[in-house]
Amino acid sequence: MQGGVLALELVELIVTRGRHSIGPVSLQLAVGEQITVVGRNGAGKSSVLQAIAGLLAVTSGTISIAGRPMTSSSEPVEPWQRGIEWLGQDRGLWPHLSIEAQCHLCARDGGKSPDQIRKMARWLQIEDRIDRRPAFLSGGEAQRAELLRAVSGAGDLLLLDEPFSAQNQEGRQRIEDLLDKECQQGRSVLLALHQDDSQREVVTLDLD
Amino acid sequence: MKKLNVSGLWPLIPVIVGFYLPIGYVAIQDGMLEFGGNSSDALISSIAVIISTLRVALLAALFATLLGLVDAVCLVGTRGPARAFIVVMLLATFLIPPSALASAVQGVIGSSTLRATVRDELGAVVMLVLRWAPVACAMLLGAAAMWPSEQERALRSLPPWRALFTRARGLSRQAARCAGLLLLLLIPASELPSYAGVETISQRVHARLTVGDAGEGWQLALAMLIPVAIALFFLLPRLHDSSRSTRDNSITGLPGVGQVDLLLAIRSIPAIALICILIFTAWPRASELSTAGSEILGGVIGVLTESPRAILVATISVICGWRLADGGCRWGLLLFGLPTVLPGSLGALALLQSSRSLVPPLLDEYPLLLSMAQFCKLGAIGAAAGFVASRVMPPAEHNSSLFLAPAAGRWRVRFLRSLPVLIPAIVIGVAVVMGEVEATLILAPPGHPAPALELHQLLHFRNDEQAARIALVLATFGALLATAVVAPVARRRT
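Chains A and B, in that order, are what the protein sequence lines are. Each residue of the first sequence is one higher than the last, beginning at 29 in the working numbering. Each residue of the second sequence is one higher than the last, beginning at 4 in the working numbering.
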């Protein structure tokens with residue numbers, strides 16, 4: 029933990045999706061750490077991540093990012109103001125821009141340099157694809173490209189929903205290595221997965 | 004509760020300045036607030052006209068939507084020959100000015116005179132359906148384009164007719180919304196019903212404002228506006244729900260159905276017949292060749308001079324509507340769209356009375372007030388386009404754009420992604436502005452080229468040949484605009 033400030037803290041967080049309440053969920057994610065939220069289908073993993081990102085309303089409980097409360101203030105904190113980079117479960121690449129243009133757009137406010145983006149693209153084995161638009165990528169490449177876009181931004185907290193779902197073993201390993209490097213540089217990662225066999229700390233969600 | 008973002012309401016400024024302030028000022032001056040015994044009498048005496056207006060608007064909205072639904076399902080669900088041409092023909096009846104359409108319909112049914120055969124509500128409904136079915140078709144084509152790729156592929160594995168019915172059922176909710184929007188657009192319609200000899204509430208309001216009791220006219224307008232505003236506010240569904248999705252542009256796997264091709268060919272006949280009538284009427288005798296040539300040239304110059312202004316007005320209106328929808332502002336969209344529900348002459352008259360003296364003499368020859376009135380009149384088209392465009396983007400893409408700074412997310416991602424919806428809406432707006440007569444009649448500066456107004460006057464004086472020449476020029480311009488929109492789509496689908 030750097031300086032005692034947590035990258036993310038959830039206290040008794042409850043979110044509602046449709047008729048179902050999810051939670052309460054409590055967790056503490058230190059700077060430079062990775063935590064995985066696991067649970068069966070429909071347990072609410074994605075909903076919790078969306079609530080943290082500001083994409084879903086919080087029913088009760090608190091969310092703090094880098095020591096800054098997101099839920100107690102009367103002024104809502106917009107997603108772009110939270111210091112978060114996001115990879116959703118469904119593909120969210122913008123089809124009218126090349127991968128490179130999307131990465132540069134996200135990196136404009138203090139994110140990675142063009143050289144760093146290219147280096148990461150090489151590591152993710154999509155360097156020769158980043159001048160293409162998303163329609164010309166395979167499913168696995170599109171997922172790695174979207175991860176590249178997320179990592180290119182300046183936010184210190186990465187929220188990744190099923191980032192390995194379209195990857196083979198090698199692709200998964202490369203993404204995990206990249207995330208380890210990012211954590212060594214002071215970023216923190218919260219993942220949502222069906223199951224996690226790695227060494228990461230795990231929080232299990234169960235929908236009543 | 005979401006806090007109101009005041010800075011996002013800037014698109015409302017032109018509507019407030021160009022519509023609400025003049026309307027409020029003039030309405031109060033004309034005695035709208037002086038309710039007395041005559042007010043209720045005026046309303047009661049207008050009930051028959053109100054019922055007739057609603058009946059015509061409702062029937063026209065329903066039939067136009069039904070026709071548009073069939074067209075859209077056939078176009079999107081099958082592949083076949085000359086689809087780009089058929090789309091242009093299906094859109095043509097909207098792109099031809101209403102006066103020319105009315106004249107041609109009457110010509111087909113049995114009379115070449117302006118106010119003859121089609122002199123009842125049925126005639127008004129037929130003409131309104133012909134004019135507005137293409138808009139329903141365009142809206143439902145847009146909605147069909149929002150099918151997720153996987154659903155689209157699953158549909159292509161069904162037998163052709165079952166797939167077509169499934170598509171139609173899938174579009175039924177959007178069709179209901181489309182019928183509602185058309186109803187709102189058709190309630191204030193006055194030009195086409197007037198050619199059929201049907202008095203509508205818009206005409207009565209206009210008559211009261213110009214030659215009768217102005218206060219009574221404003222009270223009628225208010226009575227017309229309030230229920231529509233309340234209905235709109237409660238019917239306008241919440242923005243940013245999760246119905247957005249992507250589409251599959253390829254035609255691989257779509258069935259080719261002979262009966263559908265035949266149906267689409269039959270549907271193109273009215274537009275082709277209309278154009279043939281115009282050509283037949285416009286065809287000059289040998290002695291008129293040079294006159295006809297100069298009339299067509301004059302029409303072309305008029306269209307070329309007027310079209311940049313029409314494009315500018317329609318573009319700004321659609322962008323403003325999209326900005327309000329993107330900001331999720333339901334009140335703003337309602338205020339933006341309401342001017343469309345009132346007669347065009349109402350806003351124009353108010354603008355003329357309240358603001359004409361404020362315009363510096365130097366600017367007298369420029370159509371500033373006319374542009375302002377037409378901008379306000381396009382509000383519902385801008386609002387509807389913005390509303391649809393805000394739903395076209397898949398939720399995953401939309402969510403990703405929320406992590407960018409607001410301006411970058413809005414203009415570099417969501418706006419560009421909305422263009423496939425906004426550009427057709429701009430084309431519809433341009434067609435409306437180019438064919439608009441009510442505000443032009445009141446606000447166009449002397450000598451301002453206005454082909455639709457000229458056409459209207461020529462038909463009024465029964466100069467059918469010259470009118471047909473100008474209508475042909477306008478129709479060609481409209482067809483070129485439609486082709487500009489259809490061509491890229493057709494290229495992607497092949």
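Glycine is no exception: its CB is placed at the ideal position from the N, C-alpha and C atoms.
Thinking C-beta only, is Thr-284 of chain B closer than 8 Å to Ala-471 of chain B? yes
Are three or more beta carbon pairs between the region 217-229 of chain A and the region 320-330 of chain B nearer than 8 Å?
no
Using a Cβ-Cβ cutoff of less than 7 Å, which residues in the same chain neighbour Ala-220 of chain A once the five nearest sequence positions on both sides are dropped? The beta carbon of Ala-220 of chain A lies closer than 7 Å to those of Val-65, Lys-73, Ser-74, Leu-77, Asp-189, Glu-190 in the same chain, with the five residues before and after it left out.
As assigned by DSSP and simplified to three states, the class of Glu-439 of chain B:
coil
For the structure I just gave you, are there three or more beta carbon pairs, one from the region 83-93 of chain A and one from the region 406-416 of chain B, closer than 8 Å? The region 83-93 of chain A is not in contact with the region 406-416 of chain B.
- Report yes or no: is there a C-beta of chain B within less than 8 Å of the C-beta of Asp-137 of chain A? yes
- Task: Ignoring anything shorter than 4 residues or poking outside the region 51-125 of chain B, list the alpha helix (DSSP H) runs there in chain order.
- Result: 86-98, 101-112
How many whole angstroms separate the CB atoms of Ala-317 of chain B and Val-128 of chain B, which I take to be in contact at a CB cut-off of 8 Å?
So it is not a contact: roughly 27 Å between Cβ atoms.
Excluding the 5 residues preceding and the 5 following Asn-231 of chain B in the sequence, name in chain order all residues of the same chain whose CB lies nearer than 6 Å to its CB. Just to set this straight, residue 231 of chain B is Val in the shown sequence, not Asn. Closer than 6 Å at Cβ, skipping near neighbours: Val-344.
Quick check on this structure: which residue in B:Ser-290, B:Val-20, B:Tyr-23, B:Pro-100 has the alpha carbon closest to the alpha carbon of Thr-479 of chain B? B:Pro-100
Between the Cα of Leu-257 of chain B and those of B:Leu-158, B:Ile-233, B:Ile-426, spot the shortest distance and give me the residue it belongs to. Cα-wise, what sits closest to Leu-257 of chain B is B:Leu-158.
Quick check on DSSP: helix, strand or coil for Gln-56 of chain A? strand
task = Give every residue of the same chain whose Cβ lies closer than 7 Å to the Cβ of Glu-124 of chain B, excluding the five residues on either side of it in the sequence, and list them in chain order.
result = The residues are Ser-55, Arg-58, Val-59, Val-201.
Smallest Cα separation from Gly-181 of chain A: which of A:Ser-193, A:Thr-99, A:Asp-137, A:Pro-52? Checked all of A:Ser-193, A:Thr-99, A:Asp-137, A:Pro-52; the closest Cα to Gly-181 of chain A is A:Asp-137.
(Q) With a threshold of 8 Å between beta-carbons, can Ala-408 of chain B be considered close to chain A, or not? (A) yes
### Message
Could you check whether the Cβ of Asn-466 of chain B sits closer than 8 Å to any Cβ belonging to chain A?
### Response
no
Considering just the uninterrupted stretch of the beta strand (DSSP E) at Arg-288 of chain B, what are its terminal residues?
Run containing Arg-288 of chain B: none; DSSP gives neither H nor E here.
inquiry  = Could you give the first and the last residue of the continuous alpha helix (DSSP H) run that contains Leu-165 of chain A?
reply    = From DSSP, Leu-165 of chain A is part of no alpha helix (DSSP H); its letter is neither H nor E.
Would you please verify whether the beta carbon of Leu-12 of chain B is less than 8 Å from any beta carbon of chain A?
no
>> Beta-carbon within less than 8 Å of Val-424 of chain B's beta-carbon, same chain only, minus the 5 sequence neighbours each way: which residues are those?
In response: So the list reads Gly-145, Ala-388, Val-391, Ala-392, Val-395, once near-sequence residues are dropped.
Terminal residues of the beta strand (DSSP E) in which Ile-63 of chain A lies:
Membership of Ile-63 of chain A in the beta strand (DSSP E) is indicated by the continuous run 62-66.
field: Counted within 10 angstroms of its Cβ, other Cβ atoms place Asn-196 of chain A as buried (16 or more) or exposed
entry: exposed
Checklist entry - What first and last residue would you give for the beta strand (DSSP E) that runs through Val-86 of chain A? => result 86-93
* Asked: Residues of chain A with CB under 7 Å from Arg-415 of chain B, in chain order?
  -> Leu-133
**Report entry** When A:Ala-58, A:Ser-54, A:Ala-85 are compared against Thr-44 of chain A, the one with the closest alpha-carbon
**Finding:** Of the candidates A:Ala-58, A:Ser-54, A:Ala-85, the one whose C-alpha sits nearest the C-alpha of Thr-44 of chain A is A:Ala-85.
Check: What's the C-alpha gap between Arg-47 of chain A and Ser-88 of chain A?
Finding: 15 Å
Got a sec? Which residues, its chain only, sit under 6 Å from Leu-62 of chain B by beta carbon, not counting five neighbours each side?
-> Val-128
Would you mind working out which of A:Met-148, A:Arg-160, A:Gly-67 sits nearest Glu-204 of chain A, comparing C-alpha positions?
A:Met-148
Assign Asn-402 of chain B to buried or exposed, taking buried as 16 or more other Cβ atoms, counted over all protein chains shown, within 10 Å of its Cβ.
The residue in question, Asn-402 of chain B, is buried, as its Cβ has 16 or more Cβ neighbours within 10 Å.
Exercise. Taking the alpha-carbon positions, what's the Ala-447 of chain B to Leu-458 of chain B distance?
Worked result: Distance between the alpha carbons of Ala-447 of chain B and Leu-458 of chain B is about 15 Å.
Original post:
Skipping 5 residues on each side, what residues in its chain have a beta carbon closer than 8 Å to that of Val-33 of chain A?
Top reply: Val-59, Ala-94, Gly-95
Can you check which of these residues, B:Glu-219, B:Ala-482, B:Ser-421, is closest to Ile-275 of chain B by C-alpha distance?
B:Ala-482
- Message: Determine, for Leu-425 of chain B, whether the minimum Cβ-Cβ distance to residues of chain A falls below 8 Å.
- Response: Closer than 8 Å: no.
**Asked** Run through DSSP, which three-state label would Pro-97 of chain A get?
**Response** strand
- prompt: Residue range of the beta strand (DSSP E) that Leu-34 of chain A falls in?
  reply: 34-45
ask   = Near Asp-367 of chain B, which residues of its chain fall below 8 Å by C-beta distance, leaving aside the five closest residues on each side in sequence?
value = Pro-448
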